[in-house]
Ligand SMILES: [Zn+2]
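Residue numbers (UniProt numbering), protein chains in the order written: chain A, 1 to 993; chain B, 1 to 88.
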């Protein structure tokens with residue numbers, strides 16, 4: 001591996017004993033453990049890292065953190081390729097492969113940098129002005145053109161191969177940010193015994209303390225931070241989450257955070273997620289997210305080699321990587337001056353210190369003196385020169401003379417913006433603080449306090465003190481008694497700043513928003529064209545709308561607009577940050593809920609038996625139900641289903657009906673509750689009997705149907721459709737708790753507690769008698785149609801219902817769910833001599849259509865009891881939910897389509913559900929629409945397709961022919977209206993003896 | 001968002017389902033104006049910006065229907081009680 005030319009031999013928080021190899025644009029480099037991709041590139045002397053969005057200008061790193069606008073790369077390859085990744089936040093790993101973005105054919109030679117010369121066309125609002133007309137060219141010409149030339153990184157277009165996790169966590173105090181303030185807050189709260197979670201986006205706690213050379217309590221500050229982290233690590237009530245960014249604040253003290261679990265590995269380990277999404281519920285939180293330094297807008301300020309002073313110190317101090325050999329410091333803040341000493345200590349020559357202020361504190365002058373740095377006060381930079389790398393800078397002195405200074409590094413300091421995006425997440429706008437020339441949080445979110453630089457406190461002593469205060473207060477608020485940890489000793493650091501937003505009369509492009517290529521001139525154009533409101537400025541110029549969301553640009557753009565329009569900054573306005581604070585992969589929000597895990601899968605207790613017997617399964621809500629049981633030699637599903645139907649009608653079959661909703665209803669007023677939710681009477685139902693019932697919504701439309709059995713004076717068991725089980729439960733609870741709380745009745749869902757099988761066919765009684773023997777008398781006299789019984793058998797309780805969905809002699813047998821597997825096996829054994837046949841939902845459906853029973857297709861939320869032929873079932877003796885509105889004119893209109901059967905005039909024709917009915921010879925118009933087909937099936941008993949549906953005046957038109965028109969599937973079949981009961985209309989088979 | 005279920009304590013929104021306006025009572029079905037009263041009850045709902053009383057169902061918890069007073073602008077929960085009126 002080639003040596004790292006800009007890496008110093010000693011110092012920094014890197015582990016030189018662990019060498020890491022990586023590639024950038026295909027070229028191999030070396031770095032060390034503890035590096036970021038950005039610091040490793042700096043150590044290798046790579047200054048050109050990307051091309052800009054619009055003008056394709058060469059760009060280098062502006063920052064060393066998550067606010068980076070320029071250094072976006074495509075990380076990894078293949079399906080794992082991740083575009084727009086900030087190299088400044090990527091922890092270096094062995095084998096890392098990164099590519100630069102926005103360049104063609106190569107980073108050094110980019111054809112579209114010619115845009116730079118056509119830039120007058122690409123100024124503010126260019127999207128709106130240039131591509132106004134003609135509109136049809138958008139799709140074909142403009143959009144592909146813009147996407148190609150102005151796109152960011154490329155997606156892999158493959159599915160994400162990694163997995164993600166979600167974690168729910170609860171704590172008393174959440175500390176956001178692990179710098180000086182956050183560490184003190186966590187310490188104060190942690191020592192009190194409060195449950196503390198400390199998150200930091202960096203893979204190492206310490207924040208700015210990792211990048212500065214000051215001392216705390218006589219210890220180098222990075223070492224002090226490590227000691228605090230060690231103490232926190234030893235506290236069982238403190239959870240440390242490095243590499244974890246809090247990205248959103250939600251209602252009720254809920255915080256979203258994203259943890260990079262294995263982003264520092266080439267691929268995640270087996271079973272290891274790539275990232276983990278934390279949903280943290282915290283009683284209190286301390287925002288200690290620090291501050292973000294601001295650039296100064298002047299000509300060529302995007303030339304590679306121009307960096308924020310804080311970033312320069314990070315590369316030099318934390319990573320022992322020198323970003324240049326000869327530097328200029330351009331600062332309007334005291335804080336910028338500390339860079340001078342650090343550069344000197346790193347062996348970097350200082351060509352000039354330029355400060356627009358006419359006077360600075362004498363202590364600052366001393367720093368420059370010790371570094372032998374020429375100082376220009378009252379001065380500014382007019383232009384940075386150089387193509388791919390900074391070469392020289394022109395300084396305009398207080399005397400207005402212009403000087404050229406040779407330099408390959410410029411450190412820019414212009415004060416800092418507190419990092420308070422999270423405090424905006426409820427829609428609160430920050431307020432301008434004139435004293436620090438920055439926005440600070442105004443209305444704090446419930447339970448949240450702000451400390452340290454995020455609170456606009458920039459002196460280290462203040463940062464430590466406000467952090468400790470906030471942590472102790474938060475712990476006390478949650479019921480712990482905190483003692484303030486002593487605030488450690490620090491040396492005084494001057495923090496005054498007089499920001500210089502924009503250098504007047506600078507030459508060349510002066511960038512405000514580096515990532516979206518918005519210049520000072522664009523802001524001026526927006527002002528000139530009347531887009532002066534801050535939200536207009538943002539949208540007209542796209543300032544602050546790139547992936548960095550304006551972290552280094554929004555306030556500067558606003559300040560320039562204020563200057564141009566002669567208004568103060570607070571009058572000009574402020575934009576607010578919305579979640580997420582940083583981009584979060586969609587996969588992280590999905591977590592493990594992908595593919596079949598998108599929702600839970602519910603299996604009945606007979607599932608394994610069905611699998612063993614060749615069932616094909618179908619999803620019914622969350623349930624998997626056997627759809628049919630294919631046998632060898634069967635050509636298609638229809639052949640299988642026909643066999644199953646005929647087997648039931650001519651012998652006996654068994655179907656798993658466990659998924660139907662079952663609700664246990666108990667109490668002296670159980671019958672009254674049922675009377676009020678069903679359209680028909682249940683309080684009069686005899687014990688030991690079941691009755692079919694239909695329930696309506698309060699708006700009068702049908703909601704669900706099923707049978708309800710009475711096992712004692714005070715106990716009923718209701719069945720609902722599979723699809724509406726949860727809805728019916730919540731409906732019953734609403735009726736019981738909200739509408740009529742005076743009723744003495746309780747309800748509980750027992751759907752999953754009971755396995756239930758339908759045994760249907762002429763041999764059903766014989767089969768059950770075979771199984772139950774003397775345990776129950778199944779003779780028609782003792783156990784008639786709609787009879788129910790509960791008895792003990794084989795050491796458990798059995799519930800038996802004589803119900804029939806198929807129209808055959810049929811029963812439903814229920815046992816506690818853990819006996820479900822045993823029951824199906826015993827039923828099959830008992831039926832072996834009758835050739836018992838398991839059947840699935842498809843055969844079930846064919847038989848219910850043959851019998852004209854309504855199901856989900858008919859109970860579709862648009863039909864009334866009257867539409868479905870149950871009008872006369874609606875009791876007139878009582879009130880029930882939906883009764884009043886079911887009687888309104890629109891719902892009793894005789895023109896409403898009504899439930900009947902349909903058969904094809906040509907028996908060879910197939911019917912389709914969804915077809916609409918038209919009079920013969922009538923045009924296919926909405927005005928001629930008479931209704932629609934709801935359910936169809938091939939009836940093996942009749943040898944042709946049959947259908948159920950709704951048509952105007954249906955029961956009065958039996959025998960009439962109409963068109964079943966289905967333009968989507970080219971269907972146009974002549975059908976005859978008939979009774980919906982196709983098989984055994986007398987119901988004789990039910991009573992088979 | 002979190003809701004303070006009187007029975008279960010503070011619980012995540014995902015455990016609840018929402019029904020809406022809890023200020024309207026089911027009308028008297030025998031009243032002479034029952035038809036129009038039920039029409040109002042079923043269809044005409046206020047959607048105030050600010051404090052509002054709503055029904056929430058703790059479907060994934062104790063299955064209690066709750067009357068929750070919520071500020072619809074801020075999602076601040078002002079109170080939560082069992083809709084049955086029972087006191088836990
Ligand atoms: Zn609850």
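Don't be surprised by glycine CBs; every beta carbon is placed ideally from N, CA and C.
Legend entry - At least three beta-carbon pairs within less than 8 angstroms, the segment 546-564 of chain A to the segment 516-527 of chain A: yes
Legend entry - Anticipated Cβ contact below 8 angstroms, residue 53(A) with residue 102(A), distance rounded: 7 angstroms
Inset, instruction - Taking 8 angstroms as the cut-off, decide whether the C-beta atoms of residue 294(A) and residue 556(A) are in contact. - result: yes
Inset, instruction - Leaving aside the five residues before and after residue 346(A) along the sequence, list all residues of the same chain whose C-beta is less than 6 angstroms from its C-beta, in chain order. - result: 316 and 322
Legend entry - Buried versus exposed call for residue 331(A) [16 or more other C-beta atoms within 10 Å across all chains shown]: buried
Legend entry - Helix, strand or coil at residue 224(A) according to DSSP, with G and I counted as helix: helix
Legend entry - Same chain, Cβ closer than 6 angstroms to residue 573(A), neighbours up to 5 away in sequence not counted: 534
Inset, instruction - List the residues of chain B whose Cβ lies closer than 7 angstroms to the Cβ of residue 252(A), in chain order. - result: 1 and 2
Inset, instruction - Identify the contact partners of residue 79(B) in chain A, using a Cβ-Cβ distance below 7 angstroms as the criterion. - result: Within 7 angstroms Cβ-Cβ: nothing; residue 79(B) doesn't reach chain A, min ~14 angstroms.
Inset, instruction - Give, in chain order, every residue of the segment 716-735 of chain A whose Cβ lies closer than 9 angstroms to some Cβ of chain B. - result: 726, 729, 730, 733 and 734
Inset, instruction - Would you list, in chain order, the members of the segment 882-912 of chain A that have their beta-carbon closer than 8 angstroms to a beta-carbon of chain B? - result: 883, 884, 885, 887 and 888
Inset, instruction - May I ask you to report which of helix, strand or coil DSSP gives residue 359(A)? - result: coil
Legend entry - Residues near residue 59(B) by beta carbon distance below 8 angstroms, same chain, minus five either side: 15, 16 and 17
Legend entry - Distance, residue 70(A) Cα to residue 544(A) Cα: 13 angstroms
Legend entry - Every unbroken beta strand (DSSP E) inside the segment 715-791 of chain A [3 residues or more]: 715-720, 746-749 and 754-760
Legend entry - Cβ of residue 35(B) within 8 angstroms of any chain A Cβ: yes
Inset, instruction - Flag residue 17(B) as yes if its beta-carbon sits less than 8 angstroms from any beta-carbon of chain A, otherwise no. - result: yes
Legend entry - Candidates 6(B), 70(B) and 75(B): closest to residue 63(B) by CA position: 6(B)
Inset, instruction - May I ask you to check if the CB of residue 730(A) is nearer than 7 angstroms to at least one heavy atom of ligand 1? - result: no
Legend entry - Nonlocal neighbours in the same chain, by C-beta distance under 6 angstroms from residue 499(A), ignoring five residues either side: 332, 414, 415 and 437
Inset, instruction - May I ask whether a heavy atom of ligand 1 can be found less than 7 angstroms away from the beta carbon of residue 203(A)? - result: no
Inset, instruction - Determine whether the Cβ of residue 739(A) lies closer than 8 angstroms to any Cβ atom of chain B. - result: yes
Legend entry - Residue-level contact to chain B via CB, residue 165(A), 8 angstroms cutoff: no
Inset, instruction - Measure the beta-carbon distance from residue 962(A) to residue 930(A) and round it to whole angstroms, keeping in mind my assumption that it falls under 8 angstroms. - result: 7 angstroms
Legend entry - Check whether residue 651(A) and residue 837(A) have beta carbons under 8 angstroms apart: yes
Inset, instruction - Please compile the residues from chain A whose C-beta is within a distance smaller than 7 angstroms of the C-beta of residue 63(B). - result: 733
Legend entry - Inter-stretch contact (C-beta, 8 angstroms, three-pair minimum) for the segment 611-625 of chain A and the segment 647-663 of chain A: yes
Legend entry - Within 8 angstroms, strictly: CB atoms of residue 452(A) and residue 173(A): no
Legend entry - beta-carbon residue 64(B) near ligand 1 non-hydrogen atom, thresh 7 angstroms: yes
Legend entry - Cβ-heavy atom distance, residue 593(A) to ligand 1, below 7 angstroms: no
Inset, instruction - Count the C-beta pairs between the segment 74-83 of chain B and the segment 28-46 of chain B that are closer than 8 angstroms, then say yes if the count reaches three, no if not. - result: no
Inset, instruction - Kindly indicate if chain A contains any beta-carbon less than 8 angstroms away from that of residue 50(B). - result: no
Legend entry - Distance between residue 601(A) and residue 712(A) (C-alpha atoms, nearest Å): 34 angstroms
Inset, instruction - With 8 angstroms as the threshold, decide whether the Cβ of residue 698(A) is near any Cβ in chain B. - result: yes
Legend entry - Presumed contact (8 angstroms Cβ cut-off) between residue 921(A) and residue 932(A), rounded CB distance: At roughly 19 angstroms, the Cβ-Cβ gap does not stay under 8 angstroms, so residue 921(A) and residue 932(A) are not in contact.
Legend entry - Rounded separation between residue 978(A) and residue 993(A) - CA only: 29 angstroms
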